[in-house]
Amino acid sequence: MFDVFNFELIYREQNAVTPLVVMMCGVAGSGKTTFSQQLEKNGFVRLSIDEEIWATNGRWGIDFPMERFEEYRKEAEDKLRKRLIQLIHEKQQVVVDFSFWDRARRNEYKKLIENSGGKWKLIYLKVHTDELRKRLKLRNKRFDANSFPISDELLNSYLNGFEVPSGEGEIVVVN
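Position in the sequence shown (first residue = 1) + 1403 = this note's numbering.
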């Protein structure tokens, strides 16, 4: 999937003085978790809201009612935000496996990272809508923390609300 991406663009930004935080950005099914796991294999600490919700509350719509998802998402994000600050203070390299679908949240995290002593890279995974639908159809059959069920209706909602990064220092990866 990311055969042509040169991960050295990220790895050479790492140093022991100023920790690097990679912010993943993309719609559901764009490959954020796959990309993040590659960084994790190379020493980054990966933070994932989906995995935090799964570990704490189980699977959406099965172990807890769908109406509670937003509450659990906020709790998970608060916990991971505190963990992010702690990791930056410990000089750890981090990859944040969130969607970062809106500019305001991206800017909020950039400021948080910088104020905590880190530096950031924003990786935007750009995927054609037909490919997203194909990936999500396969992913919806899995049963794990990263297989949050996404219907066509929900995907359309995500696509309509997604603010594509532009002029934000992003690295665009066509995937």
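Don't be surprised by glycine CBs; every beta carbon is placed ideally from N, CA and C.
Here the region 1513–1524 makes contact with the region 1481–1499; the two share three or more CB pairs at distances below 8 Å.
Runs of alpha helix (DSSP H) with 4 or more residues, each lying fully within the region 1433–1459, are found at 1435–1444, listed in chain order. Secondary structure within the region 1504–1530: the beta strand (DSSP E) runs of 3 or more consecutive residues, fully enclosed, are 1522–1529 (chain order). Three or more Cβ pairs drawn from the region 1438–1449 and the region 1497–1509 lie within less than 8 Å of each other, which places the two stretches in contact.
Collapsing the DSSP output to three states places Glu-1571 in coil. Measuring C-alpha to C-alpha distances from Ser-1439 to each of Val-1420, Ile-1413, Ala-1458 identifies Ile-1413 as the nearest. Following the DSSP letters along the chain, one finds Asp-1500 inside the beta strand (DSSP E) bounded by residues 1497–1500.
Residues of the same chain with a CB within less than 8 Å of the CB of Asp-1466, apart from the 5 flanking positions on each side, are Asn-1460 in chain order. DSSP places Val-1430 outside any beta strand (DSSP E), giving it a letter other than H or E. Put simply, of Glu-1470, Arg-1449, Arg-1476 the residue whose alpha carbon is nearest the alpha carbon of Trp-1457 is Arg-1476.
In the three-state reduction of the DSSP assignment, Phe-1565 falls in the coil class.
Trp-1504 and Glu-1566 do touch by the CB rule: their CB atoms are close to 6 Å apart, below 8 Å. In chain order, Ile-1452 place their CB closer than 7 Å to the CB of Glu-1480, counting only its own chain and leaving out the 5 sequence neighbours on each side. Restricting attention to Ala-1419, Gln-1417, Lys-1482, the CA atom closest to the CA of Leu-1450 is found in Lys-1482.
Restricting attention to Met-1426, Val-1430, Arg-1462, the CA atom closest to the CA of Lys-1529 is found in Val-1430.
Gly-1570 and Lys-1513 have their C-alpha atoms roughly 14 Å apart.
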